[in-house]
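Chemist: Right, I'll just put the structure down here and ask away after.
Numbering (my numbering), first residue to last: 621 to 685.
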């Protein structure tokens, strides 16, 4: 168990890449201009940002900014 901890401490770049992987896997596209992809998509404004949500296909989720 100690050897696992030691390898993580000596290689901080590996843990950093793992952290960025989890941050980027939210399933939301960030774009300068957002648009509806299908008839089930709808636009929501929250906290000064424009979002596109979709009931039928979660891949259509977007955020402007």
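Heads up, the beta-carbon is just placed ideally off N, CA and C, and yes, glycines get one too. Predicted model, so just to flag it, every value in this text is computed and none were measured.
Can you give me the Cβ contacts of residue 670 inside the same chain, cut-off strictly under 7 Å, excluding the 5 residues immediately before and after it?
Modeler: Taken in chain order, the residues that qualify are 654, 663, 684.
Chemist: When DSSP labels each residue in this structure, what does residue 669 get in the three-state scheme?
Modeler: Correct three-state label for residue 669: strand.
Chemist: Put residue 649 into one of helix, strand or coil per three-state DSSP.
Modeler: Residue 649 falls in the strand class under three-state DSSP.
Chemist: For residue 675, which residues of its own chain have a beta-carbon under 6 Å away from its beta-carbon, when the five flanking residues on both sides are left out?
Modeler: If we look at residue 675 and ignore the five residues flanking it on each side, its Cβ neighbours are 660.
Chemist: Whole angstroms is fine: what's the gap from residue 656's alpha carbon to residue 679's?
Modeler: Answer to the nearest angstrom: the Cα atoms are 12 Å apart.
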